[in-house]
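Notes follow the structure.
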Amino acid sequence: MINIKQFLDILDISEEMSYKFQMYIEGGHHMKHRYLPLFLTVLLICIFALAAGPLWAAGPKEAPAAAGKAKPESLGPTGDYVIGPGDVLDIAVWKDEALTKSVVVRPDGKISFPLVGEIAAGGMTTAELKKELETRLARYVPDVDLFVNVAQINSMIVYVIGKVNSPGRLVLNAPINVLQVLATAGGMNTYAKRNSIRIFRQEGLKTRIFYFNYDDVSEGKNVEKNILLQRGDVIVIP
């Protein structure tokens, strides 16, 4: 059991206040000796509770809010993805909410956008559409900076033919490469010529052929052959 002097030292109060408080207790003002330990205990609990209270009320500090809005970033397929009819595009001009729109590519491949009117977006990559929009908007918006995000793909169809477990027409919801489309088609069967795969792509009036060696690519060789597929591509596994 601590005495009064030790208790007051714990409280770390001034010497003058400590002396007055000690004289008050020892003088017995309205305090019976047998209740003194209980009184000191209760008082100590109250003091600690008051000291801790502000800490509980303060809670964790929040990080200061960033000044202005953060520049939006594209989250969907970008760069080499070719836009097609039915695709849903999110187009946003930084710091200009009036020029933030979600548009659907019409069957004729065109979209409408404020200030610039109609643009033939079908057949463009997202990077090309971004550049075209920035060029047209520059006369209205100084230092224009925007992004184009493919929010929903509705036009990505490829065809897988030959010795795979699930050949046929594949409707994709995101651009994928050759390895991924082979997996989507159930993988190749035992008789497939894994190193003689061909991808046929129509480019205007011409047909371009890409050759794909599965063993090489799966071993990390010639990985540039694992191209990103475009709508209408035909993958043949002999």
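Residue numbers (full-length UniProt numbering): 1 to 238. For every residue, glycine included, the Cβ atom is placed at its ideal position computed from N, Cα and C.
| Asked | Found |
| --- | --- |
| Just grab the DSSP bridge partners of residue 118 for me. | 112 |
| Give me the DSSP bridge partner(s) of residue 138. | Its beta-bridge partners do not exist; DSSP assigns none. |
| Could you check the C-alpha separation between residue 88 and residue 113 for me, to the nearest Å? | 13 Å |
| Three or more C-beta pairs under 8 Å: does that hold for the region 213-221 against the region 129-141? | no |
| Can you list, in chain order, the residues of its chain whose CB lies under 6 Å from that of residue 185, leaving out five sequence neighbours each side? | 160, 164 and 166 |
| What's the gap between the Cα of residue 126 and the Cα of residue 145? | 14 Å |
| Pull up the distance between the alpha-carbon of residue 198 and that of residue 98, whole angstroms please. | 46 Å |
| Hey, how far is the Cα of residue 195 from the Cα of residue 82? | 27 Å |
| Report the three-state DSSP secondary structure of residue 96 (helix, strand or coil). | strand |
| Going by the beta-carbon positions, is the gap between residue 210 and residue 236 smaller than 8 Å? | no |
| Extract the residue ranges of the beta strand (DSSP E) inside the UniProt domain "SLBB" (158-237), only unbroken runs of 3 or more that lie entirely within it. | 168-172, 197-203, 206-212 and 234-237 |
| Between 104, 162 and 233, which has its C-alpha nearest residue 190's C-alpha? | 162 |
| Report the partner residues of residue 146 according to the DSSP bridge assignment. | 93 |
| Distance, Cα to Cα, residue 101 vs residue 172? | 24 Å |
| Would you mind giving the Cβ-Cβ distance between residue 92 and residue 105, rounded to the nearest angstrom? I have them listed as a contact below 8 Å. | About 17 Å; that fails the 8 Å criterion. |
| So is residue 220 buried or exposed if we call it buried at 16+ other beta carbons inside 10 Å? | exposed |
| One question on the structure: do residue 119 and residue 231 come within less than 8 Å of each other, judged by their Cβ atoms? | no |
| Measure the alpha-carbon distance for residue 203 versus residue 110 and round it to whole angstroms. | 19 Å |
| Pop quiz: residue 108 and residue 149 are said to be a contact at Cβ under 8 Å. What is the actual Cβ separation, rounded to whole angstroms? | So it is not a contact: roughly 22 Å between Cβ atoms. |
| Ordered along the chain, which non-local residues of its own chain (more than five positions away) have a Cβ less than 7 Å from that of residue 96? | 141 |
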